[in-house]
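A.B. asks: If you're matching positions, the sequence shown starts at 40 in this note's numbering and goes up one per residue.
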Amino acid sequence: TVRIPQAENCKKIICTMTEDSGSAEETAAQRRERLKALREAQQLLDSEPPQQQTKVQPEQTEQDGKQDMKFRNYLPRDKELQQNRIAPPALPKFDDPVAAASSVPNGTEDPIVNIAPKKPNWDLRRDVQKKLDKLDRRTQRAIIELMYEEEKRRQEAAEENNLGAEED
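The structure is reproduced here in structure tokens:
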């Protein structure tokens with residue numbers, strides 16, 4: 040790790056920036072100091088990689104005499120070049136938790152119904168369905184009561200006709 044003394048100064052400057060400053064001139068001066076410290080820190084960081092690159096360059100010069108071609112996506116026909124072919128990376132097996140959960144068949148639902156688009160008023164029908172079922176049951180009861188009343192009226196009318204015919 041590289042220790043940059045200017046970076047510590049940057050932290051101090053940033054901390055002081057959060058405090059309320061008295062005037063615009065002071066804030067401008069603080070900003071200039073902060074930018075100067077950042078530039079110096081960047082220059083220090085930029086100056087170190089060339090030293091690291093010099094270590095890598097001797098290794099590259101040794102390989103320059105004998106460069107091997109690496110084939111990732113191309114399958115060469117020459118047997119000598121096929122030896123330089125890189126094996127494709129082994130991908131880990133992906134277990135989809137959603138697919139595993141949906142694989143359990145539901146006997147009540149038809150899969151085609153889920154695919155087809157729903158009508159625009161499907162939510163209204165869903166909300167009113169309980170009320171419609173209750174109304175349908177009441178309607179059936181009322182029809183049955185009316186049928187019983189009509190049957191009683193017919194029987195009474197038939198009895199009156201029978202009584203009236205017997206009196207004559």
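Virtual Cβ for every residue (Gly too), placed ideally from N, Cα, C.
By alpha-carbon positions, which one of 108, 130, 112 ends up nearest to residue 120?
C.D. replies: Comparing Cα-Cα distances from residue 120 to each of 108, 130, 112, the minimum goes to 108.
A.B. asks: For residue 76, does the count of other Cβ atoms within 10 angstroms reach 16, so buried, or fall short, so exposed?
C.D. replies: Its Cβ being crowded by 16 or more others within 10 Å, residue 76 is buried.
A.B. asks: Where do the N-terminal and C-terminal ends of the alpha helix (DSSP H) with residue 119 fall, by residue?
C.D. replies: It spans 118 to 121 - the alpha helix (DSSP H) in which residue 119 sits, taken as one unbroken run.
A.B. asks: Just to check my reading of the structure: residue 124 and residue 110 have Cβ atoms closer than 8 angstroms, yes? What is that Cβ distance to the nearest angstrom?
C.D. replies: The Cβ separation is near 5 angstroms, so the contact holds.
A.B. asks: Start and end of the alpha helix (DSSP H) containing residue 75?
C.D. replies: Taken as a continuous stretch (DSSP letters only), the alpha helix (DSSP H) holding residue 75 covers 63 to 86.
A.B. asks: Considering only C-alpha positions, which residue in the set 122, 159, 118, 126 is nearest to residue 112?
C.D. replies: Of 122, 159, 118, 126, the residue nearest in Cα terms is 126.
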